[in-house]
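Chains as they are written, first to last, in my numbering: chain D, 1 to 672; chain A, 673 to 1139. Cβ coordinates follow ideal geometry from the N, Cα and C atoms, glycine included. Remember, it's a predicted structure, so these values are computed and weren't measured experimentally.
If you want it as structure tokens, here you go:
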């Protein structure tokens, strides 16, 4: 084996005050070989990004490296002078960040930004620099790079910007690229493009990559080796093949089990109880003990030691005691999965029927606000949700799914269309009667931090709705009602007297659920309720939502871009593209036998976890067009790989594939 | 004595009551208490707070007005003077009634200008005549320095002694609350190991007490800051001006707040044509030169006062009405910037998820504004109010200087500067009026600015996350 390009040994970094430090990185060791991709996998707040910043010596002002060595290409980075380090950054190691919207300077042309990084390290100037920059833009797949050179960051979409960021990072042919959640902010189809790009560039330049991600799928696509991080430490270090075949550490094992998936539909997801511990605590023994399902007496007393071979190593007492071949794990997990009774509610009556919903936002210009056009955020959506069922609304960002959800709840006035809720048209209702009706349909938001008023006690927030609808409830708030609601969503009883900032993201999402179910709604619009949460917490919330549906017969309109969540939770799926639904039907039919080319592409872009099962991958080119000027004919035709002349001329009608399964595509016209 | 409530007094007390009510309310709400605790950690802010508290005490004492009882032989029917004085006047009686003929320098024993004196043998002579009160007790001119030194040392010693006493009370109280030992309590305070920076508070208090005590004791015998053209003690004028400054700084805010908060939030929250109307209103208003508007308003008031002279019994009431009117018109011209901030913030908040959730829960617009938006823009209101304060105190000085400010009979720093203006040209120069006004004003504004900096740091979430 060649010498490692990067070797990190016992790296320990702390943040904050010396006497009460946050131990963000606590004795992390790993190696990256030439041309290899090493992935740091872990939940938020486990120290992945801090490890990367410590390697680059770019820790925030309050941070410091306490211990450890970082050797890069034979140099000890922690001993270099600051100017020596500057030469490494960008030229030897470069970095791409999660947020493509903020990692580029908005007032400089992208060409200038790339040229700048060329100039600092290699003093390439003038025409030569320009040529090289255009070559880089071309290499990362920016169309017409000559033209793109002169444009500003805001003129590009998120995926394009991430490509530009990659181009800048590659400008000086670094030997190591640190990619900090490079695709988290991107849609799946764009994510697939960017992952392909990184992989191609890597094989072309023989570059090593340190990938930081919380997404098992992305890690599976890209990594050669995986390091699982938990509470500032690496707890498992294994090659991809063995990690995905059989994870060793109880934490990694649980992570896999908490992944939602269509096969787990009829039972609760395995959850990891509790949350990642605060990094301020001083640990005794193993850090995962509190949440572990297989604790030994030893675990809470003594720090574990590494065991295993070169291929896979694990930091867990189970293996130091029982050896690597200990297979007690597998037996344990079967019994642990509790079977939830399958949803017994038959096909209920229609609860909600949406007909031709259109929401157009006018674009105005000039002093007199003349309307110059419309953003057609939602452009004719038909939906039906039966009682006690879950309808998933799937699509990429900007396709109008959130707007549609808010339009159904009358939080945004629809421009056109009818929304029948139990036979009553909500659009026609007056303000007063609509307010009375509002207890029947509620909403849960994506961002658990923005959905709570920071200045309001949790108890007050939960009963806010009750106060509005139940005059007997006005004053004083009944404590037992609050208590039973808190209990229902699994929060401690003393939560009512606390403020939202004292809770973690998952707990806040529970509070938001409690607030919504307090008024006994019949429909809840869930607007990506788990996409801001960690995998283990996501499983808790999904279980809670499923339990609520079983016990109260509530219906969900589940807005998401995460196909695995859809597969686990939904009964019906509607796929949305550019303000219109292109395909909808029962979940098993749509996910296993997708008809519309867009649905097919969307499904195949989702990174697969099992190594054996290689799907026929349909990569989508390009970005979602702007809803202000949708393409002529079928909105999808510029990106479609089965495009026909008819597609460019007129928007297809809905064609029935099977009972309840409908798609809007010219391909199925002939079958009619 | 018979109490009198002037218009501005009423407002001052209302404001005080609101402030007390707010602090009681804030001490119960964790999100409001925390930032104030943050301010307590800043030594500079706590020192500034002590200085502000001194000014505030003077201002409040000066706001309790009454007609003093006249000494008349008849015990049954008490007669009251038509003059209106305040508790503060009563405390400074010695200063108030020791008028000289005209200018005298600080600590002088003789007038500043020569005067024609007819001496015993019918001879006329220009001399610097002896002051009636300033240093009147001195036998020998040469004793003056020693006397001043003695008096001030003695006063400083008294101040120090009472400061020690006060410090011990504070430390004892802290020990009692924290259940700590004497030694531990003392050590914490001395080594600045306390959460609230008591050391800074106590040291500033020492400085304030010594200065106040020394000047009070000295002022019994001398004119510490000299006298002005008509022989009134400048120290007295400067102290009386404190109330005017505070009233302008705070009442103006009181006037402007309802406009700014209500209209700003409405514009941002409702949007549409309501937003348009409110925006046009404040853009129009803020494009009229404020000085012009104020001048016009004061002129109108002056004409009104002249025509209705009979309705106002005393000069003090007239002056007070003009002060109030000045506050009103300053308020009307200065609410626009706060309104603009609040509009922007509400515009942002309206789209935030928890407001949307409240809408989905059927909460009425009124309750959404009250429960969700108002508490979340309160920090902006607080920061703006405290920042505006110092600006308004300075504005008073400027407006009085161009004679559209407070009534000429009202004591104010602006009036002091205005009357001292002409004397700047004379030789030898009369410097003390102007400098006294400047020092007093500077101290207040500096303290207010330092304090408002700390308030902004503590309440502004963007700054808080950076620390």
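Q) Does the distance from the CB of residue 802 of chain A to the CB of residue 908 of chain A come in under 9 Å? A) What you label residue 802 of chain A is simply residue 130 of the second chain in a count that begins at 1. What you label residue 908 of chain A is simply residue 236 of the second chain in a count that begins at 1. Between residue 802 of chain A and residue 908 of chain A, the C-beta spacing is not below 9 Å.
Q.
For chain A, check one thing: does any of its Cβ atoms lie closer than 9 Å to the Cβ of residue 468 of chain D?
A. Here residue 468 of chain D refers to the residue found at position 468 of the first chain. Taking Cβ atoms only, chain A reaches closer than 9 Å to residue 468 of chain D, which makes this a yes.
Q. Once you ignore the five residues that flank residue 632 of chain D on each side, which residues in its own chain have a CB closer than 8 Å to its CB?
A. One-based indexing of the first chain puts residue 632 of chain D at position 632. Spatial neighbours of residue 632 of chain D in its own chain (CB-CB distance under 8 Å, excluding positions within 5 residues in sequence) are listed in chain order as 648, 649.
**Q.** As assigned by DSSP and simplified to three states, the class of residue 652 of chain D
**A.** Here residue 652 of chain D refers to the residue found at position 652 of the first chain. DSSP, read as helix, strand or coil, puts residue 652 of chain D in coil.
Q | C-beta contact flag for residue 188 of chain D and residue 563 of chain D at 9 Å | A | Translated into the one-based positions of the first chain, residue 188 of chain D becomes position 188. Translated into the one-based positions of the first chain, residue 563 of chain D becomes position 563. Taking the C-beta atoms as reference points, residue 563 of chain D is found nearer than 9 Å to residue 188 of chain D.
**Q.** Coil, strand or helix - residue 928 of chain A by DSSP
**A.** Taking the second chain and counting its residues from 1, the one referred to as residue 928 of chain A is at position 256. Reduced to three states, the DSSP call for residue 928 of chain A is helix.
Q: Sort out for me which residues DSSP pairs residue 227 of chain D with in a bridge.
A: In the first chain, counting from the first residue as 1, residue 227 of chain D sits at position 227. For residue 227 of chain D, which the question treats as bridged, DSSP gives the partners D/40, D/237.
(Q) With the cut-off set at 9 Å, would you say residue 618 of chain D and residue 663 of chain D are in Cβ contact? (A) Indexing the first chain from 1 puts residue 618 of chain D at position 618. Indexing the first chain from 1 puts residue 663 of chain D at position 663. It is not a contact, given that the beta carbons lie outside the stated cut-off.
Q) What's the C-alpha gap between residue 433 of chain D and residue 694 of chain A? A) Within the first chain, residue 433 of chain D is the residue found at index 433, counting from 1. Within the second chain, residue 694 of chain A is the residue found at index 22, counting from 1. The C-alpha of residue 433 of chain D lies about 37 Å from the C-alpha of residue 694 of chain A.
Q) Going by the CB atoms, is the gap between residue 11 of chain D and residue 229 of chain D shorter than 9 Å? A) What you label residue 229 of chain D is simply residue 229 of the first chain in a count that begins at 1. What you label residue 11 of chain D is simply residue 11 of the first chain in a count that begins at 1. Contact check for residue 229 of chain D against residue 11 of chain D fails: the beta carbons are separated by 9 Å or more.
Q | 9 Å Cβ cutoff, residue 713 of chain A in contact with chain D | A | Looking up residue 713 of chain A in the second chain gives position 41. Not one beta carbon of chain D lies nearer than 9 Å to the beta carbon of residue 713 of chain A.
Q) Are the segment 176-185 of chain D and the segment 233-251 of chain D touching, with three or more C-beta to C-beta distances below 8 Å? A) In short, these stretches do not touch, since the Cβ pair count stays below three.
**Q.** Cross-chain neighbours of residue 515 of chain D in chain A, by beta carbon under 8 Å
**A.** Within the first chain, residue 515 of chain D is the residue found at index 515, counting from 1. Chain A residues near residue 515 of chain D: 1029, 1033.
Q. Any Cβ of chain D within less than 9 Å of the Cβ of residue 1137 of chain A?
A. Within the second chain, residue 1137 of chain A is the residue found at index 465, counting from 1. Per-residue confidence for residue 1137 of chain A stands at a pLDDT of 43, beneath the threshold of 50, marking its modelled position as unreliable; no derived number is given.
Q: Using beta-carbon positions only, say whether residue 807 of chain A and residue 781 of chain A come within less than 9 Å of one another.
A: Your numbering for residue 807 of chain A matches position 135 in the second chain. Your numbering for residue 781 of chain A matches position 109 in the second chain. Yes, the pair counts as a contact, with Cβ atoms nearer than the cut-off.
Q. Any idea which residues DSSP pairs residue 673 of chain D with across the strands?
A. Shown here, chain D extends from 1 to 672; a query on residue 673 of chain D therefore has no answer.
Q) Can you round the beta-carbon distance between residue 920 of chain A and residue 1065 of chain A to whole angstroms, since I take them to be within the 8 Å contact cut? A) By 1-based counting over the second chain, the position of residue 920 of chain A is 248. By 1-based counting over the second chain, the position of residue 1065 of chain A is 393. Residue 920 of chain A to residue 1065 of chain A, Cβ: 6 Å. Contact.
Q: May I have a chain-ordered list of the beta strand (DSSP E) segments no shorter than 3 residues that lie completely inside the segment 703-765 of chain A?
A: With a minimum length of 3 residues, the continuous beta strand (DSSP E) runs that stay inside the segment 703-765 of chain A are 737-739.
Q | residue 1025 of chain A: contacting residues in chain D (beta-carbon distance under 7 Å) | A | Working through the second chain from its first residue, we reach residue 1025 of chain A at position 353. Residues of chain D passing the Cβ test: 445, 447, 450, 451.
Q | Distance between residue 446 of chain D and residue 559 of chain D (C-alpha atoms, nearest Å) | A | Position 559 of the first chain, counting from 1, holds the residue named residue 559 of chain D. Position 446 of the first chain, counting from 1, holds the residue named residue 446 of chain D. Straight-line Cα distance between these residues: approximately 10 Å.
Q) In the structure shown, what three-state DSSP assignment does residue 787 of chain A receive? A) In the second chain, residue 787 of chain A corresponds to position 115, counting from 1. Strand.
**Q.** Beta-carbon contacts of residue 407 of chain D that lie in its chain and below 7 Å, excluding the five residues immediately before and after
**A.** Translated into positions along the first chain, residue 407 of chain D becomes position 407. Counting only Cβ-Cβ distances below 7 Å, and skipping sequence neighbours, we find 357, 359, 378, 414.
**Q.** Three-state class that DSSP yields for residue 875 of chain A in the structure shown
**A.** As a working note, residue 875 of chain A is residue 203 in the second chain. If DSSP states are grouped into helix, strand and coil, residue 875 of chain A belongs with the helices.
(Q) Counting C-beta neighbours from all protein chains within 10 Å, is the total for residue 734 of chain A 16 or more, i.e. buried, or is it exposed? (A) Along the second chain, one-based indexing puts residue 734 of chain A at 62. With 16 or more other Cβ atoms within 10 Å, it is buried.
Q: Look up residue 306 of chain D in the DSSP assignment and give the residues it is bridged to.
A: As a first step, residue 306 of chain D must be located in the first chain, where it is residue number 306. According to DSSP, residue 306 of chain D bridges with D/315.
Q.
Helix, strand or coil, according to DSSP, for residue 1022 of chain A in the structure here?
A. Translated into positions along the second chain, residue 1022 of chain A becomes position 350. Residue 1022 of chain A: helix per DSSP, three-state reduction.
Q. Between residue 307 of chain D and residue 285 of chain D, what straight-line distance do the alpha-carbon atoms span, to the nearest angstrom?
A. Position 307 of the first chain holds residue 307 of chain D. Position 285 of the first chain holds residue 285 of chain D. Note on geometry: alpha-carbon atoms of residue 307 of chain D and residue 285 of chain D lie some 16 Å from one another.
Q: Inspect the CB distances between the segment 924-944 of chain A and the segment 1010-1022 of chain A and report whether three or more fall short of 8 Å.
A: Yes, the segment 924-944 of chain A is in contact with the segment 1010-1022 of chain A.
Q | For residue 905 of chain A, three-class secondary structure by DSSP | A | The sequence position of residue 905 of chain A within the second chain is 233, counting from 1. Under the three-state reduction of DSSP, residue 905 of chain A is assigned to strand.
Q. What residue does the alpha helix (DSSP H) around residue 480 of chain D start on, and which one ends it?
A. Along the first chain, read from residue 1 onward, the residue named residue 480 of chain D stands at position 480. Going by DSSP, residue 480 of chain D is part of the alpha helix (DSSP H) stretching over 479-488.
Q: Give the single residue among D/488, D/637, D/73, D/535 whose Cα lies nearest to the Cα of residue 33 of chain D.
A: As a working note, residue 33 of chain D is residue 33 in the first chain. The closest CA to that of residue 33 of chain D, considering only D/488, D/637, D/73, D/535, is found on D/73.
Q: Quickly, what does DSSP pair residue 425 of chain D with across the bridge? List them, please.
A: Here residue 425 of chain D refers to the residue found at position 425 when the first chain is read from its first residue. In DSSP, residue 425 of chain D forms a bridge with D/420.
Q) residue 837 of chain A by DSSP, collapsed to three states: which one? A) Taking the second chain and counting its residues from 1, the one referred to as residue 837 of chain A is at position 165. Three-state result, residue 837 of chain A: helix.
Q.
Please report the distance separating the alpha-carbon of residue 134 of chain D from that of residue 27 of chain D.
A. Your numbering for residue 134 of chain D matches position 134 in the first chain. Your numbering for residue 27 of chain D matches position 27 in the first chain. For residue 134 of chain D and residue 27 of chain D, the distance between alpha carbons rounds to 42 Å.
Q: Spell out whether any CB of chain D is found under 9 Å from the CB atom of residue 1043 of chain A.
A: Numbered from 1 along the second chain, position 371 holds the residue referred to as residue 1043 of chain A. The Cβ of residue 1043 of chain A sits closer than 9 Å to at least one Cβ of chain D.
Q) Which residues in chain D sit within 7 Å of residue 710 of chain A, going by Cβ to Cβ distance? A) Working through the second chain from its first residue, we reach residue 710 of chain A at position 38. Chain D residues near residue 710 of chain A: none, gap ~15 Å exceeds 7 Å.
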